[in-house]
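Colleague: This structure is in structure tokens; I'll ask about it shortly.
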Amino acid sequence: MIIGFDADDTLWHNEDGFQASHREFETLLSDYGDPTAIEERLFEIESRNMPKYGYGVKAYTLSLIECAIEISDGHVSTAQIASILDLGHALLDRPVELIDGVTDVLDELGDHTKMIITKGDLYHQLSRIESSGLRTFFWQTEVVAHKDPATYRRLLDLHGVDPSNFVMVGNSLPSDVLPVMEIGGKAVHVPYHVTWAHEHHDGDHEAPTIEHLGELPALLADWGLR
Numbered sequence: 114m115i116i117g118f119d120a121d122d123t124l125w126h127n128e129d130g131f132q133a134s135h136r137e138f139e140t141l142l143s144d145y146g147d148p149t150a151i152e153e154r155l156f157e158i159e160s161r162n163m164p165k166y167g168y169g170v171k172a173y174t175l176s177l178i179e180c181a182i183e184i185s186d187g188h189v190s191t192a193q194i195a196s197i198l199d200l201g202h203a204l205l206d207r208p209v210e211l212i213d214g215v216t217d218v219l220d221e222l223g224d225h226t227k228m229i230i231t232k233g234d235l236y237h238q239l240s241r242i243e244s245s246g247l248r249t250f251f252w253q254t255e256v257v258a259h260k261d262p263a264t265y266r267r268l269l270d271l272h273g274v275d276p277s278n279f280v281m282v283g284n285s286l287p288s289d290v291l292p293v294m295e296i297g298g299k300a301v302h303v304p305y306h307v308t309w310a311h312e313h314h315d316g317d318h319e320a321p322t323i324e325h326l327g328e329l330p331a332l333l334a335d336w337g338l339r
């Protein structure tokens with residue numbers, strides 16, 4: 114059995130940094146709108162830009178600048194634009210902070226073949242994987258543009274893995290869980306304490322949910338995967 118792991122908000126903290134950046138952005142543009150209006154406009158702009166920019170801090174920063182221009186009707190100052198760029202730089206420079214217990218769990222699963230499947234900016238994600246200190250736990254690391262059934266099929270075919278012999282572990286239902294189950298694999302949902310608006314899923318699902326990664330070895334053992 115091959116175990117795939119998401120990275121952001123599964124192996125290390127990520128979304129909490131973006132949430133803090135959102136709050137600073139809303140404060141910076143408070144003269145042009147209330148936080149709810151700014152948040153809604155940013156969501157619209159990010160959704161519009163994803164097909165062009167993809168995911169990650171750089172795409173996010175470009176969307177922040179575009180949001181500032183739109184919501185201020187072009188009156189945002191160069192100083193404010195510089196402050197927005199600083200928000201992006203802070204996220205790029207943020208040290209990797211592992212989620213509690215991750216290293217112990219990966220060590221406990223030492224007999225299993227493991228891989229990272231994450232989406233986002235290629236350079237930034239590869240840099241974080243290396244600086245996390247977790248690289249040696251994984252057989253393969255893959256940074257992808259999208260996490261959909263076609264992408265998972267392509268990756269598993271590339272590495273000669275049958276979906277029935279694959280389980281994906283992650284915090285996002287639409288990215289880590291549902292597409293893998295659709296192609297015949299198993300998946301485990303590990304919710305993070307905050308979810309990116311673009312990763313919300315309100316529908317039902319049949320995947321097991323665990324409170325933290327520390328519960329994963331026991332679940333795999335229940336499946337007969339020791």
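When we follow the working numbering, the leftmost residue of the sequence shown carries the number 114, and every step to the right adds one. Beta carbons are placed, not taken as given, at the ideal position from N, Cα and C, and that holds for glycine.
Quick check: the Cα distance between Asp119 and Ala181, rounded to an integer number of angstroms?
Modeller: The count along the sequence shown starts at 1 and reaches residue 119 at position 6. The count along the sequence shown starts at 1 and reaches residue 181 at position 68. Approximately 31 Å, taken between the alpha carbons.
Colleague: Could you tell me whether any non-hydrogen atom of the ligand NAD is closer than 7 Å to the CB of Thr264?
Modeller: Ligands are entirely absent from the displayed structure, and the ligand NAD is therefore not among its contents.
Colleague: Just to confirm my understanding: we take Val170, look at its own chain, exclude 5 residues before and 5 after, and list those with CB closer than 7 Å. What are they?
Modeller: For the purposes of this step, residue 170 is identified with residue 57 of the sequence shown, where counting begins at 1. Excluding sequence neighbours, Val170 sits near Gly201, Leu204, Leu205, Asp234, His237.
Colleague: Would DSSP call Gly283 helix, strand or coil?
Modeller: Numbered from 1 along the sequence shown, position 170 holds the residue referred to as residue 283. DSSP places Gly283 in strand when its eight states are reduced to three.
Colleague: DSSP three-state call for Lys227: helix, strand or coil?
Modeller: Here residue 227 refers to the residue found at position 114 when the sequence shown is read from its first residue. In the structure shown, Lys227 sits in a strand (DSSP, three-state: E or B).
Colleague: Please work out which residues of its chain come closer than 7 Å, Cβ to Cβ, to Gly327, disregarding the five sequence neighbours upstream and downstream, and give them in chain order.
Modeller: What you label residue 327 is simply residue 214 of the sequence shown in a count that begins at 1. Taken in chain order, the residues that qualify are Gly214, Val218.
Colleague: Helix, strand or coil: which one does DSSP assign to Ala320?
Modeller: Mapped onto the sequence shown, residue 320 falls at position 207. Coil, per DSSP.
Colleague: Please name the residue in Ile230, His225, Leu175, Gly283 whose C-alpha comes closest to that of Tyr265.
Modeller: Taking the first residue of the sequence shown as position 1, residue 265 is located at position 152. The residue with the shortest Cα to Cα distance from Tyr265 is Ile230.
Colleague: Starting from Phe118, follow the beta strand (DSSP E) in both directions and report where the run begins and ends.
Modeller: Taking the first residue of the sequence shown as 1, we reach residue 118 at position 5. Here the beta strand (DSSP E) through Phe118 covers 115-118.
Colleague: Taking the Cβ atom as the reference point for each residue, do Pro330 and Leu222 lie within a distance shorter than 8 Å?
Modeller: Numbered from 1 along the sequence shown, position 217 holds the residue referred to as residue 330. Numbered from 1 along the sequence shown, position 109 holds the residue referred to as residue 222. Contact flag set, yes.
Colleague: Closest to Ile158 by CA distance: which of Glu183, Glu210, Ser134, His318 is it?
Modeller: For the purposes of this step, residue 158 is taken as residue 45 along the sequence shown, with counting starting at 1. It is Glu183 whose Cα lies nearest to the Cα of Ile158.
Colleague: Arg207 and Gly130 - do their beta-carbons sit closer together than 8 Å?
Modeller: On the sequence shown, residue 130 is found 17 positions in, with the first residue counted as 1. On the sequence shown, residue 207 is found 94 positions in, with the first residue counted as 1. Closer than 8 Å, so yes.
Colleague: Between Ile115, Ala195, Glu153, which has its C-alpha nearest Leu141's C-alpha?
Modeller: Counted from its first residue, the sequence shown places residue 141 at position 28. Looking at the Cα atoms, Ala195 is the closest of the given residues.
Colleague: Report, in whole angstroms, the separation of the C-beta atoms of Val282 and Thr123, which I expect to be a contact under 8 Å.
Modeller: The count along the sequence shown starts at 1 and reaches residue 282 at position 169. The count along the sequence shown starts at 1 and reaches residue 123 at position 10. Their Cβ separation, rounded to whole angstroms, is 7 Å, which keeps Val282 and Thr123 in contact under 8 Å.
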